[in-house]
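To start, the structure under review is shown below, and the notes come after it.
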Amino acid sequence: MTNKLFRKTPLALRQLMKEKTRLAVAVAGITFADMLIFIQMGFESALFDAAIQPHRNLSADLVLINPQFNTLFSVKSFSRQKLYQTLSYDGIESVNSVYIGTGEWRNPKTRIDRAILVWGVDPNQPGLKFPEVQQKKDELKALHQVMFDQAGRPEYGAVGDIFQKTGTFQTELNSKAVNVKGVFSNGASFAADGNVITSHSTFLNLFPNRKPEQIEVGLINLKPGADVEKIKAILRIGLNPDPKNPFVEVGTPEDFAQKEKNYWANGTGIGFIFGLGVAVGFIVGIVIVYQILYADVSDHLPEYATLKAMGYTDNYLLGVLIQEALVLAILGYLPAFFLSFGLYQLTFAATMLPISMKVDRAVTVFILTVIMCSVSGAIALRKLRSADPAEIF
1 MTNKLFRKTP LALRQLMKEK TRLAVAVAGI TFADMLIFIQ MGFESALFDA AIQPHRNLSA
61 DLVLINPQFN TLFSVKSFSR QKLYQTLSYD GIESVNSVYI GTGEWRNPKT RIDRAILVWG
121 VDPNQPGLKF PEVQQKKDEL KALHQVMFDQ AGRPEYGAVG DIFQKTGTFQ TELNSKAVNV
181 KGVFSNGASF AADGNVITSH STFLNLFPNR KPEQIEVGLI NLKPGADVEK IKAILRIGLN
241 PDPKNPFVEV GTPEDFAQKE KNYWANGTGI GFIFGLGVAV GFIVGIVIVY QILYADVSDH
301 LPEYATLKAM GYTDNYLLGV LIQEALVLAI LGYLPAFFLS FGLYQLTFAA TMLPISMKVD
361 RAVTVFILTV IMCSVSGAIA LRKLRSADPA EIF
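The sequence shown begins at 1 in the UniProt record's numbering and counts up by one.
Take a look at the structure:
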């Protein structure tokens, strides 16, 4: 059976290879459509990953936030008293709090201020997973000492490079002098182009209008073996006597991250825009492949009519078209994959967004390419059905 299969004439492949110029145009068109899809999906994923990266770096089993919270860009606060109330419940080992605010970072070279996200943490228990913060937490105890996000936008200045060379960096934050005592890597996001970590006392000094008892995030660490979901359900009821008017929202750090992601995906036009870009790329690919296959069928209509006169069915001829479509899908997908991989690297270097090629995205785009080309082949079959041997000869 295998020998019989290999003895078959590869009709689809030979038809494509006969018109090399047309084949090159088709492959280029599919490559363009696939690259458009790759870029749209890659940018969307990178922007969402950047937006929720700080949430996933919170060192806690559960977090408390204001029920009206949508995004770090306009974070809402709540009473610290609610966080301390959780200590009365079984399974709670310790609690911690985080202040979040948007400050103005001054580039000492250009003297231009730029918005930056400021995180106020307890130096004894920073509540963040960054290893650099854990190593330098004692440095934050003194007033006006900060740690800077070296993966942020370059407009903040060459903070990371200068600090690595000299061990010091001085500038102004909210018009107050601060000293950089260390660097970490988080990256730019929707909420801010960079991040700064400092102590509670320094944060309140930088934001004098803030009330100390009002916090943005409450961190809860559970005792070993505690049931996270069970305690989360208990706290939701216990901390909110009136379910219709809750004081706080209880969730895991991942719940916190998904809330941020949902805001940008559904609460703004970003998700729709990127989804539209993918749809446009898909439609462009269908049109290009259809035009190529339609032209191929038109040029070889007498040959197809001859095959029908010999007894070959429309299903067989459809199989030939589908084979051509699959060959085009593979030939167009491969260069799109490697070119998109290179564009991802360039984008990361230029924007510091966490964009990279992911296996699930590569598989998804390949499946979309196969569907795109198969649909085009099925549409082109209409022309093939008109191949009547009686009219041709």
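Each residue gets a CB set at the ideal place from its N, CA and C atoms; glycine is no exception. The structure presented is a predicted model; accordingly, all values stated were derived computationally and were not measured.
{"Check": "Range of the contiguous alpha helix (DSSP H) that encloses Ile355", "Outcome": "Here Ile355 belongs to no alpha helix (DSSP H), and DSSP marks it neither H nor E."}
{"Check": "Sub-9 Å separation of Val63 and Leu219 beta-carbons", "Outcome": "yes"}
{"Check": "Own chain, CB closer than 6 Å to Pro123, minus 5 neighbours either side, in chain order", "Outcome": "Lys137, Leu140, Lys141 and Ser199"}
{"Check": "Range of the contiguous beta strand (DSSP E) that encloses Ser94", "Outcome": "Ile92 to Arg106"}
{"Check": "C-beta atoms of Leu206 and Leu173 nearer than 9 Å", "Outcome": "yes"}
{"Check": "Residues of its chain near Thr168, where Cβ-Cβ distance is below 6 Å and the 5 sequence neighbours each way are ignored", "Outcome": "none"}
{"Check": "Residue environment, Gly267, which counts as buried when at least 16 other CB atoms sit within 10 Å", "Outcome": "exposed"}
{"Check": "Ser257 - partner residues in DSSP beta bridges", "Outcome": "A small fix is needed here, since residue 257 is Ala in this sequence, not Ser. In the DSSP output, where bridge partners are listed per residue, Ala257 has none listed."}
{"Check": "For Val133, the first and last residue of its enclosing alpha helix (DSSP H)", "Outcome": "Pro131 to Gln135"}
{"Check": "Cβ contact check for the stretch 221-237 and the stretch 105-113: 3 or more pairs under 8 Å", "Outcome": "no"}
{"Check": "Residues of its chain near Ala177, where Cβ-Cβ distance is below 7 Å and the 5 sequence neighbours each way are ignored", "Outcome": "His144 and Gln170"}
{"Check": "Leu36, enclosing alpha helix (DSSP H) - first and last residue", "Outcome": "Lys20 to Arg56"}
{"Check": "Contact check, Val327 vs Leu13, beta carbons under 9 Å", "Outcome": "yes"}
{"Check": "Segment contact, 8 Å Cβ cut-off, at least three pairs: the stretch 334-347 with the stretch 254-262", "Outcome": "no"}
{"Check": "DSSP three-state assignment for Val63, whether helix, strand or coil", "Outcome": "strand"}
{"Check": "Option in Pro131, Gly91, Ile112 and Pro54 with minimal Cα separation from Val98", "Outcome": "Pro54"}
{"Check": "Cβ pair Gly187, Asp149 closer than 9 Å", "Outcome": "yes"}
{"Check": "DSSP state of Asp138 mapped onto helix, strand, coil", "Outcome": "helix"}
{"Check": "Distance between Ala279 and Ile30 (C-alpha atoms, nearest Å)", "Outcome": "14 Å"}
{"Check": "Start and end residues, beta strand (DSSP E) containing Gly269", "Outcome": "Run containing Gly269: none; DSSP gives neither H nor E here."}
{"Check": "Which of helix, strand or coil DSSP assigns to Thr171", "Outcome": "strand"}
{"Check": "Three CB pairs or more closer than 8 Å across the stretch 66-74 and the stretch 364-380", "Outcome": "no"}
{"Check": "Contacts around Ser189, its chain only, beta-carbon distance under 6 Å, and the 5 residues preceding and following it disregarded", "Outcome": "Ala50 and Ala51"}
{"Check": "Test item: CB-CB of Phe38 and Ala336 under 9 Å", "Outcome": "yes"}
{"Check": "Boundaries (first-last residue) of the beta strand (DSSP E) holding Ile220", "Outcome": "Val217 to Leu222"}
{"Check": "Same chain, Cβ closer than 6 Å to Phe78, neighbours up to 5 away in sequence not counted", "Outcome": "Asn66 and Val248"}
{"Check": "Spatial neighbours of Gly101 in its chain, beta-carbon cut-off 6 Å, leaving aside the 5 residues before and after", "Outcome": "Val118 and Phe207"}
{"Check": "One or two residues paired with Leu128 in a DSSP bridge", "Outcome": "Leu58"}
{"Check": "Residues of its chain near Asn179, where Cβ-Cβ distance is below 8 Å and the 5 sequence neighbours each way are ignored", "Outcome": "His144, Gln145, Val146, Thr168, Phe169 and Gln170"}
{"Check": "Alpha carbon of Pro241 to alpha carbon of Ala33, nearest angstrom", "Outcome": "54 Å"}
{"Check": "Backbone secondary structure at Asn205 - three-state DSSP", "Outcome": "helix"}
{"Check": "First through last residue of the alpha helix (DSSP H) which encompasses Gly251", "Outcome": "From DSSP, Gly251 is part of no alpha helix (DSSP H) but of the beta strand (DSSP E) over Glu249 to Gly251."}
{"Check": "Exposed unless 16 or more other CB atoms sit within 10 angstroms - verdict on Tyr84", "Outcome": "exposed"}
{"Check": "Residue environment, Ala24, which counts as buried when at least 16 other CB atoms sit within 10 Å", "Outcome": "exposed"}
{"Check": "Sub-9 Å separation of Ile231 and Leu222 beta-carbons", "Outcome": "yes"}
{"Check": "Same chain only: Cβ atoms within 7 Å of Glu216, ignoring 5 sequence neighbours per side", "Outcome": "Val75, Ser77, Val98, Tyr99 and Ile100"}
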